[in-house]
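Asks: Pasting in a structure now, in structure tokens, and then I'll have a few things to ask.
6 protein chains.
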Amino acid sequence: MTRPSQRANDQLRTIEIIRHYTKHAEGAVLIKFGDTHVICTASVEEKVPGFLKGKGQGWVTAEYGMLPRSTGSRMDREAARGKQSGRTQEIQRLIGRSLRAVIDLQKLGERTIHFDCDVIQADGGTRTASITGAYVAMVDAVGTLLQKGLLTETPITDSVAAISVGVYQGQPVLDLDYIEDSDCDTDMNVVMTGNGGFVEIQGTAEGEPFSRQTMDQMLDLAAQGIQTLAQLQTQALAT
Amino acid sequence: MTRPSQRANDQLRTIEIIRHYTKHAEGAVLIKFGDTHVICTASVEEKVPGFLKGKGQGWVTAEYGMLPRSTGSRMDREAARGKQSGRTQEIQRLIGRSLRAVIDLQKLGERTIHFDCDVIQADGGTRTASITGAYVAMVDAVGTLLQKGLLTETPITDSVAAISVGVYQGQPVLDLDYIEDSDCDTDMNVVMTGNGGFVEIQGTAEGEPFSRQTMDQMLDLAAQGIQTLAQLQTQALAT
Amino acid sequence: MTRPSQRANDQLRTIEIIRHYTKHAEGAVLIKFGDTHVICTASVEEKVPGFLKGKGQGWVTAEYGMLPRSTGSRMDREAARGKQSGRTQEIQRLIGRSLRAVIDLQKLGERTIHFDCDVIQADGGTRTASITGAYVAMVDAVGTLLQKGLLTETPITDSVAAISVGVYQGQPVLDLDYIEDSDCDTDMNVVMTGNGGFVEIQGTAEGEPFSRQTMDQMLDLAAQGIQTLAQLQTQALAT
Amino acid sequence: MTRPSQRANDQLRTIEIIRHYTKHAEGAVLIKFGDTHVICTASVEEKVPGFLKGKGQGWVTAEYGMLPRSTGSRMDREAARGKQSGRTQEIQRLIGRSLRAVIDLQKLGERTIHFDCDVIQADGGTRTASITGAYVAMVDAVGTLLQKGLLTETPITDSVAAISVGVYQGQPVLDLDYIEDSDCDTDMNVVMTGNGGFVEIQGTAEGEPFSRQTMDQMLDLAAQGIQTLAQLQTQALAT
Amino acid sequence: MTRPSQRANDQLRTIEIIRHYTKHAEGAVLIKFGDTHVICTASVEEKVPGFLKGKGQGWVTAEYGMLPRSTGSRMDREAARGKQSGRTQEIQRLIGRSLRAVIDLQKLGERTIHFDCDVIQADGGTRTASITGAYVAMVDAVGTLLQKGLLTETPITDSVAAISVGVYQGQPVLDLDYIEDSDCDTDMNVVMTGNGGFVEIQGTAEGEPFSRQTMDQMLDLAAQGIQTLAQLQTQALAT
Amino acid sequence: MTRPSQRANDQLRTIEIIRHYTKHAEGAVLIKFGDTHVICTASVEEKVPGFLKGKGQGWVTAEYGMLPRSTGSRMDREAARGKQSGRTQEIQRLIGRSLRAVIDLQKLGERTIHFDCDVIQADGGTRTASITGAYVAMVDAVGTLLQKGLLTETPITDSVAAISVGVYQGQPVLDLDYIEDSDCDTDMNVVMTGNGGFVEIQGTAEGEPFSRQTMDQMLDLAAQGIQTLAQLQTQALAT
């Protein structure tokens, strides 16, 4: 089997992480997983939602959107339709949980970091790119708080990144693009920390149910991909 | 460690499956996973949604709801608030995908089966109970179509059931109730067919990220629980 | 004339009142008017809506819903459509007014009792069953408050129940089921206290306008039906 | 007892019915019940709603609104809030049913008459004024259809009007204004045809439940008031 | 060229301004620009929106609506559709800005004047009539505040009025009615103070782009029309 | 007076126009007016809205959005709030009208061009940048139709661009950035064709009403700025 993208089964797309992409946000990252481009901003607000008031802890939350023509055919604008789809809500809840897994909300203090992940061009894997880019934006936003003296130590406990794995024409492959994703039997998104712990795993058999052996192979691929992403995050933050 | 429910780590709650619970629906099941009680109805409609018109295939879709006082403190009614929460949408999308995994939509023909899973009492595990009960309602609804001669062979290809597993006080446990769920480190919902194939897997580290070894233990527990549920489904359908 | 249900013109359907039907609510009743089954829960909240804050009185309010397949053909789920129908709003306003007629809101104190009447199977008369069942749930909820010492005397001043009357094939009849209701000339819902006072009356000529004489006959039937319901409520609460 | 309005207990407010109040609608009436002023328009549309297509009959429907400052203190505009209140929906459903009671929808043919009842100044009794004025607008709209030859005989079978009755300081009174309505024990709206048949009756005990005797007295008052309104409708249409 | 309305190119329609048109509002004006009739009410509320709390200044805001059958064919009711159109929002924002231009919000104090401009009959120019009438209602509302001693000097700094100009069959004309508006090349709404300052100008080339010379001619016409409107406002307020 | 941006009064910010910015859309432009960055895509759809069906002409429409953190402090996401603000609707209506002014909808044929203008970084003038960039995207989208042979001649009749002018500290200035815009007395947006015709003009006195002389000066500045923008559009399209 040859992947449509000509990549090896365990090969990521070209990853690019551009910090300070826009000027207003405390963290502003443009991340590219091949032709998937997502702007991830982190905005710090010096208050918490009502359910946390007075509890001495912070909050981290995320929203996700796609520009209407980020995809091959134009989608309706969610703001015009008056509601976010179930898919959008699933993704933004996933992003929020993933980031909360690597930040100590007590240490963050009574403030909120809002993440906005907006897809300007889509080619599969927008949620995994969003999580991976949002982590970098979070580090920058926390850096701002440290610089201003609003925090004295970082509340971030580990890095976090995400990647998709799937079964394409019978073989486990890493980091599906849109063509592969549209035609695969199984699609699984894995979120892991830089230290190799699992944060989230969401797998769906699009066609045939899959076996335990396939599951194990996919988890191996994912762990390897996440390691590479963690290194790229570190490099991007080092410059 | 002793579970709050006194159950063994690999022990399901008492499961009860009552068919023909209401009189109008083609399939109508009350399923109980301990104190979690869900009414699952299957309604057959002789048409398909717009995006499938004229394609010679059927559709299966699901909606989910909780009665406002199915829980310990009253929740707002989603119809009154004017929208379904992200959690509700996630769950009903999961139920729909799970059932579509075990039905041949071509053989179903140009008709839709709508599932409604309404929780009348909640004690953890409402989504797994919903999937497990909805499968039984699906068999009854298809039975009606076979009896009427609208179908000559069943489009159902396998059974499907779901169960939760988690890590409670450091140990993998099966079928979490509300108290365990509120206090666990990791929560994973697994959907499998009667033949042992994976359909869906959704795991979240609520606290600490979890290791590959823990993942493996949880998958073992889930597979065993699903086997028992599949037997109970068969028994319920035999009477 | 023979009624489709074979009942005498002044005969109620079989009434069943099951208390403590679910475990979380302060009052939780399953009431059956024949094949019409409604879960009525009463939830106590220790605060009042904004317009009553600081006025030293309580509030009683109700919401109503039908499970999508409680009826012969599946209805859209109101939560999914994003709004409650005019019919739903009329019914829940009626239930709320009926219960407020028999409770002293000053004596209730600054707390709210929320009623949820959810129809799990419908065969006509869902609003009258809801009111009749909700009264029983209210007594149980107030009982909880008395037991906890939050109230020292009951704020309930009388019992309340409701029944429908109509003109079917020219003759006044009591407690219409769905078949009768669909084909009747006049439909009237009457809410009365156990002491025989009128709380609400809502009559509609579906076909021909009706005369004063017919009105009088319907009111007589209703008064008699309510007396029976009041006795059944008392019996249910005695056990 | 003296009524705040100084009227006798069985005395209507000054009623004024102005036809052709605006120029576009097929029927356009400004009706005044004292200081309650409502514009009632009837708009003919040459099609029917989806559920009636091809059934060879027409439809009559109504919408109701209040200008934000038609009342003593400004209300939120329903269009700005994004939904109609339960009260609004109850009233417009009542108006629609009342008009359908006196028109033969078969004879109307496959067309719809939309009524819009917009309150420009409110002083109690807006729904009864709306029904009474809308009937006059309906006659004018049907007159237009007869003139154009779209109808050869009127589908209107009787006149219809509405009035409120209540118990104010212990005595039954006719046509409550806002001050009386705010302070009455019982409020009942009665819709009757010119021939004296009941179309709708909606009574509510605001304070104490009311007796059968009081009910009878209120019905007598209402019947007398409706007779007067029917005469005023006839006079208005004669000019 | 002759205008459909037979008016000279620089001729306004017959303008009528009726104060105290309804009884509840602090200012209540019915304004007629020919067959365009708008009720403009000003409602004083003794508080300000959240974003102005504690800033020692007042606020002026406006809402706009059209009765469904104010136009030649019935429009959907915005309250029933559940949202205001883009056109409605544009117009009400324009009205609000226009009025704020001639009132000193500091001198108004911490209170809000809400304007409601409701079109009961439309024949073009509803937004210009709304602004012109709302100004008169504002003077009356402020008069009420002065009378009650809540203000000691008027916060109103100038008068404001609005008129449309356009290019109809090649010639600049003043105050377009509906027929002219539907068929014109350019449509411009101009809001000016009584002292001749520009407050708002909104011009649109419906067909061909227009030249600077045409722009100049239209501005001349508008300035002249506004002068006349300012005089009519003064006269109306003098009586 | 010195402008905060140090620019001469008649000086535009640095303008940059990048074509083919994303890969899916028929036209995809990133336009920069200084620190204001907008992605403008043109999407061709081979059908028209319902109101134009069968009329043998095309349609051009636009939507506008701002990423939540395109601004100094994070704004609510309109998709999450469930509706577009009045400001958003005004802007997208303006963009649509501006583009329709320079395209022959008959020649376009029965197809729609949807424009999406999404602000990724805002510093004043987002609507003028949107119009100016969308024109370039329109030329590219039409180019695609010509290449595919779906059109044989261009329906575009002229170019169109937009710029803001205002009065800042008493002096007319061109192309206001955010700081100038927040503090100016008058703000006017002007849309003109490459041939110098006016398409739209929208001016607002934020503070003092402005005089005819100021109006004339602002129109002169705008005409000059538009000329420069038209040249830059031509250059961008030539490469």
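Sequence order for the protein chains is A, B, C, D, E and F.
The numbers in the first sequence follow our numbering, run straight up by one, and end at 1026.
The numbers in the second sequence follow our numbering, run straight up by one, and end at 1026.
The numbers in the third sequence follow our numbering, run straight up by one, and end at 1026.
The numbers in the fourth sequence follow our numbering, run straight up by one, and end at 1026.
The numbers in the fifth sequence follow our numbering, run straight up by one, and end at 1026.
The numbers in the sixth sequence follow our numbering, run straight up by one, and end at 1026.
All C-beta atoms, glycine included, are put in the ideal place defined by N, C-alpha and C.
1. State the DSSP-derived secondary structure class of R806 of chain A, mapped to helix, strand or coil.
2. Between the Cα of T944 of chain E and the Cα atoms of E:Q956, E:G981, E:R914, E:G896, which residue gives the shortest distance?
3. Whose C-beta lies closer than 6 Å to the C-beta of F997 of chain A among residues of the same chain, with five residues either side of it excluded?
4. Any contact of the segment 807-816 of chain C with the segment 825-840 of chain B, i.e. 3+ C-beta pairs under 8 Å?
5. How big is the Cα-Cα spacing for S830 of chain F and Q956 of chain E?
6. If the cut is a Cβ gap below 8 Å, which residues of chain B does A992 of chain A touch?
7. Taking 8 Å as the threshold, find out whether the segment 849-856 of chain D comes into contact with the segment 950-967 of chain C through three or more Cβ pairs.
8. When the distance is taken between beta carbons, is G869 of chain A closer than 8 Å to G1012 of chain F?
9. Might you give, ordered along the chain, the residues of its own chain that have their beta carbon closer than 7 Å to the beta carbon of L1008 of chain C, omitting 5 neighbours on each side?
10. Taking G1012 of chain C as the query, report the chain D residues whose CB atoms sit under 8 Å from its CB, ordered along the chain.
11. Would the beta-carbon of V947 of chain C fall within 8 Å of that of I918 of chain C?
12. Should T789 of chain E go down as buried or exposed, given a rule of 16 or more other Cβ atoms within 10 Å for buried?
13. On a Cα-Cα basis, can you pick out the residue from F:H807, F:T875, F:V978, F:T991 that is closest to D968 of chain F?
14. Tell me which residue opens and which closes the beta strand (DSSP E) that T1026 of chain A is part of.
15. Excluding sequence positions up to five away, which residues of its chain have a Cβ less than 8 Å from the Cβ of S872 of chain C?
16. Per DSSP, what kind of secondary structure is T1015 of chain C in: helix, strand or coil?
17. Less than 8 Å separating the beta-carbons of N976 of chain E and T915 of chain E?
18. Just checking: is the beta-carbon of Q876 of chain E within a distance shorter than 8 Å of some beta-carbon in chain F?
19. I need the straight-line Cα distance from R861 of chain C to L932 of chain D, nearest angstrom please.
20. Kindly indicate which three-state DSSP category D797 of chain A falls into: helix, strand or coil?
21. For G953 of chain F, which of helix, strand or coil comes out of DSSP?
22. Measure how close the beta-carbons of D964 of chain E and R800 of chain E come, nearest whole angstrom, since I'm counting them as under 8 Å.
23. Are the beta-carbon atoms belonging to E850 of chain E and A867 of chain D less than 8 Å from one another?
24. Do we get a CB-CB distance below 8 Å when we pair E832 of chain D with the residues of chain E?
25. Counting only runs that start and end within the segment 833-894 of chain D, where is the beta strand (DSSP E) found for 3 or more residues in a row?
26. Could you have a look at S830 of chain C and say whether DSSP puts it in helix, strand or coil?
27. Using a Cβ-Cβ cut-off of less than 8 Å, list which residues of the segment 914-930 of chain E approach chain D; keep chain order.
28. Compare the C-alpha of F902 of chain B against each of C:T1015, C:I818, C:M1005, C:D863 and name the closest.
29. Tell me the DSSP bridge mates of E987 of chain C?
30. Looking at V929 of chain F: is its Cβ nearer than 8 Å to the Cβ of T941 of chain F?
31. Would D927 of chain C pass as a contact of V825 of chain C if the rule is Cβ separation under 8 Å?
32. If we ignore side chains and look at the alpha-carbon of each, how far apart do Q1018 of chain A and K819 of chain A end up?
33. Given F985 of chain E, which residues of its chain have a CB within under 8 Å of its CB, disregarding the five upstream and five downstream residues?
34. Let me see if you follow: with CB-CB separation under 8 Å, is R856 of chain C close to chain B or not?
35. Can the beta-carbon of I802 of chain A be found closer than 8 Å to that of V847 of chain A?
36. Give me the chain E residues within the contact set of M1002 of chain F, using Cβ-Cβ distance strictly less than 8 Å, ordered along the chain.
Replies: This is what the structure gives:
1. strand
2. E:G981
3. T973
4. no
5. 35 Å
6. A888, G984, F985, V986, E987
7. no
8. no
9. D797, V952, P959, L961
10. The premise fails here: G1012 of chain C is roughly 15 Å from chain D at the closest Cβ pair, so nothing lies under 8 Å.
11. yes
12. exposed
13. F:T991
14. From DSSP, T1026 of chain A is part of no beta strand (DSSP E); its letter is neither H nor E.
15. E865
16. helix
17. yes
18. yes
19. 39 Å
20. coil
21. strand
22. 7 Å
23. yes
24. yes
25. 846-853
26. strand
27. none
28. C:D863
29. C:V978, D:T991
30. yes
31. no
32. 15 Å
33. V977, V978, M979
34. yes
35. no
36. F985, I988, L1006
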